[in-house]
Amino acid sequence: MALLSPDLILAKWPLAEDFIHNLSFLQLACLVNTAGVVLLSIYCWFSAAKYTGIPRVRDGMKSRFSLKTRLEYYTNCEGLYKEAYETYLKKGQPCLVPGLGLRSEILLPKSTLRWLVTQSDNVLSMREAFRELDQIDWAADHHKYVTDAWLTPILNRDVNRNLDRYLPPLGKEVQNAVERRIPNKGEWAEIPLWDTMKLVIAQISSQFTVGEPLCRDEEYIRASSSFVDTFVTNAGLVPFVPVPLRPILCPILYLPLRFKTWKLERILKPLIKQRLERLLTHQQPSKGKNEHLHDITSCKDTPDDLLQLMLCFAQNERSREEFHNLHSLAYRICLNNLGSFHQSSAAVTNMIFNIIASDKEFNTIALLREEIGSVLPSECYTIPPSTTQPVQNNKKKYGWTKASVAKLVLMDSVMRETTRVHSFVHRAVARSVVADNVHSPVIEGEADSNEPTTTSAPLPKGAMVSILSRGAYFDPDVFDDPMKFNPWRFAERRERHAKVVGGRGSDQHASDRIIAANDTRTTTAAAAGAIETFTVTSANNLVFGHGRHACPGRFIAEAEIKMLLVTLLMNYDVGLLPVPGADGKGEVAVRPESPWILEVVVPPIKGKIMAKRRGG
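Just so we're aligned, residue 459 is where the sequence shown starts under this note's numbering, counting upward by one.
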C-alpha cells in the first residue's frame, strides 16, 4: 500500500504532468487508443465466448481465434476464405471467420440462401447489417438514412418499371463523359483507367441523380467522388477503434468526411431549394403510396431524375419536416452516390482490363463490336459534336431502351464473368441477427446428389451472418475451369440452357454459335438462360444480393455500364500499356493484377491502358 501513498503520488505527479504536457494531441490520442486496445483485448480474451456450436476456420471449436488466424485475415484473406469454403461451407456446415478489428462473423452455406432471404426483418435485418457495415451512426447525424431508406421503394416502384424514360438522356451523358475524359486527338494516349472511370461513372450516375447542369459540374463531380472514397475508408477504420473509445475518437476520425459533406451540401442545397419551391408552386393532388410518382412529375419541363422523385416521395409519404429538411435531402443524395459510384467504378475498370487482356485469345473486341453494330442503331454509340453542349430537357429518344440493353448478350457475358472472377466483395446477403433464439435451418441433401445435409447452428443476437459468394465462383463443380477468364462463358451457358446449339464444338466455330444468340430464333434460349444474365440473382450470382432485398439499382447500373463499354469500344481503339518484361528484356503487355486488400479485391488502381480515337 505504500506504493500508492498520497505523498508518493504528489511527488511523482510533476514528472507525469511534464510528460503529458510534452505530448502532441495526436500522440496523446494514440496513447489513449493504445491503452484502450490493450484493455479491450484483455476483456475480450477473458470474456465468455459468444458463439457456441460453430467451428472457427483453422481453429476448430476453440472459444476464440488465435492471433495467427486473425493476422491471416489481414495478410492472406483469400486463403482463409478458400479454406472456410472447402472445409465447412461446401459440406453444408456454417463457420466463423475473423473480420475487421476483433469481429467474428458467421458464414452460412449457400444451401441456406432461401431461408436467409425469406426471414422477417424482425429476425434477420439487412438494414441493421448495413448500419453496422457503413457505420452510419458516425458518418451521419441519424441512422434513418439506412433504417428508413427511400431509394428502394422509389427505384422498385417508379424507376425500374419506367427505364425507357431515363435511358436516352443517360446515353447522351455517357457519350459526353467519355469524350470529356479520354483524348480525341487520333493518337495513342495513356489513360489511368481507375481514376478516369471514377470521374466518368460519377458524371453518368449524377445525370440520373441530379440531372443537368450539375452532373457536368467539375467541382460537384470531384467532391462527390472524394466523399465516397472517404466514406468507405472511414467505415473500414471504425472497427479498429475500441468500442469504449468511439464516442471520443470517431468524431475526430470523421472530421474530414463532415467537411466533404458540408462542401457537397453547399452545392446541392440551392438546387434542392429551387426544386422544392417549384414543386410547391405546381402542386398537384397527393397520390397514394401505391401510385406512381411519375403522375406527379410528368408536367412539361419537369426534370427526370432521382432528386425529383425523392422530393415527390417526401411530399407524399413522409412528414412535412422531412420534406423541408434541406440537410437531410442533400445527405440522401450523397449516400446514393455511395451506392452508384464505388462498385460500378471498380467493376467497369476490371471489365475494360479483361476485355483487352482476353482479346488475343478470344477475339473479344471484334466480336463485341460486331454484336453492337448488329443490334443497336448508330445513334447509341456515335459521338456527335453536340455532346459537349447541355441537352435542355430534350425528350427525344436516342435509341437506348430496356430492350436494346437486353440485346447485348455478349457484353452481358463479359460483365457477368468479370464480376465472377474479379468481384469487389466476396461475402453477400449480409444480415444482422436482431431476435433471440434464432437457429440456421437443417436442410437435407437430396439423394444421389453431391448436396450435403446442412448443419444447424445457433445464431446469437447481434451476430453478423452472410454467404461466401466467392467459394461457388471458383468451384470446379459449379464452373468449368473456374480460374480462367472466359468472356463468353455465360453466353454459352445461356445457349445450353435452351438447347439451341448442341455441343461445344471447336473454338473455330464458337464465335458463330455465340453470335447466333442474338438471332430472333433464339428468343426462347434467352428466356431459358435468364438465370445466367448479369442482373438475375441466384446462389451463383450474389453480386447484387438476392431475394426481396436484392439491389434495386442493378438495372440502371447494368444500363450505365453497357452504355459506357459500347461508347468506348465503338469510338476508341484500346490496348494494354506495355511494361518491362520479367527478364528485363523488352516489353510485354499484360493485365495488371487486381490485389487483395483485407477481404476485398480492388481493381488495378495504378493500371493504365492505351487509347486512340478510331478513324483518327
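Backbone N, C-alpha and C fix where the C-beta goes; we use that ideal spot for every residue, glycine too.
Classified as exposed, Thr-576 has fewer than 16 neighbouring CB atoms from the shown chains inside 10 Å of its CB. Glu-950 and Phe-588 have their C-alpha atoms spaced approximately 36 angstroms apart. The DSSP assignment places complete beta strand (DSSP E) segments of no fewer than 3 residues inside the stretch 511–593 at 553–556, 562–566, in order along the chain. For Arg-680, the uninterrupted alpha helix (DSSP H) run begins and ends at 676–695, by DSSP. Look at Asn-794 here: in three-state DSSP terms it is helix. A Cβ-Cβ separation of about 7 angstroms places Leu-672 in contact with Ser-664 under the 8 angstroms criterion. Taking C-beta atoms as the reference points, Leu-574 and Leu-566 count as a pair closer than 8 angstroms. Taking a cut-off of 8 angstroms for Cβ pairs, the stretch 878–889 and the stretch 922–938 touch, as three or more such pairs fall below it. In this structure, Thr-912 lies away from Val-923, with their beta-carbon atoms at least 8 angstroms apart. In this structure, Val-872 and Met-809 form a Cβ contact; the two beta carbons are roughly 6 angstroms apart against a cut-off of 8 angstroms. In this structure the stretch 692–699 does not touch the stretch 722–734; the number of beta carbon pairs closer than 8 angstroms is below three. Following the DSSP letters along the chain, one finds Met-873 inside the alpha helix (DSSP H) bounded by residues 867–879.
By the Cβ neighbour-count rule, Arg-952 is buried, with 16 or more other Cβ atoms within 10 Å of its own. Separation of Ile-594 and Ser-786 (C-alpha to C-alpha, rounded to the nearest whole angstrom) is 14 angstroms. For Ala-1017, the enclosing alpha helix (DSSP H) has its first and last residue at 1012–1029.
In this structure, the CA atom of Arg-615 is about 25 angstroms from the CA atom of Thr-739.
The beta carbon of Glu-780 is closer than 7 angstroms to those of Ala-772, Ser-786 in its chain, skipping five residues each way along the sequence. His-897 sits in a strand when the DSSP states are folded into three classes. Comparing alpha-carbon positions, the option among Ile-1067, Ala-647, Gly-987, Arg-680 lying closest to Ile-659 turns out to be Arg-680.
In the structure shown, the three-state DSSP call for Glu-775 is helix.
Rounded to the nearest whole angstrom, the CA to CA distance from Arg-619 to Gly-1011 is 12 angstroms. Secondary structure of Asn-999 (DSSP, three-state): strand. Judged by their CB atoms, Ser-569 and Glu-909 are nearer to each other than the 8 angstroms cut-off. Look at Gly-920 here: in three-state DSSP terms it is coil, with no helix or strand label. Taking a C-beta distance under 8 angstroms as the contact criterion, Asp-763 and Val-686 do not qualify as a contact pair.
Met-1068 and Ala-647 have their C-alpha atoms spaced approximately 6 angstroms apart. Residue pairing from DSSP places Val-1058 in a beta bridge opposite Val-883, Ile-1055. Look at Leu-703 here: in three-state DSSP terms it is helix. The secondary-structure analysis by DSSP pairs Ile-925 across a beta bridge with Leu-566, Ala-886. If you look at Ile-841, you'll find it isn't in any beta strand (DSSP E); DSSP assigns it neither H nor E. For Ala-635, the enclosing alpha helix (DSSP H) begins and ends at 621–639. A distance below 8 angstroms between beta-carbons, with the five flanking residues on each side excluded, links Leu-826 to the following residues of its chain, in chain order: Ile-813, Leu-868, Met-869, Val-872, Leu-1023, Leu-1027. Within the model, the alpha-carbon separation for Phe-992 versus Ala-1015 is close to 10 angstroms. If you ignore the 5 residues before and after Phe-799, its C-beta comes within less than 8 angstroms of the C-beta of Lys-656, Ile-659, Ala-660, Ser-663, Ser-682, Ser-683, Val-686, all in its own chain and listed in chain order. Between Leu-715 and Thr-688, the gap from beta carbon to beta carbon is short of 8 angstroms.
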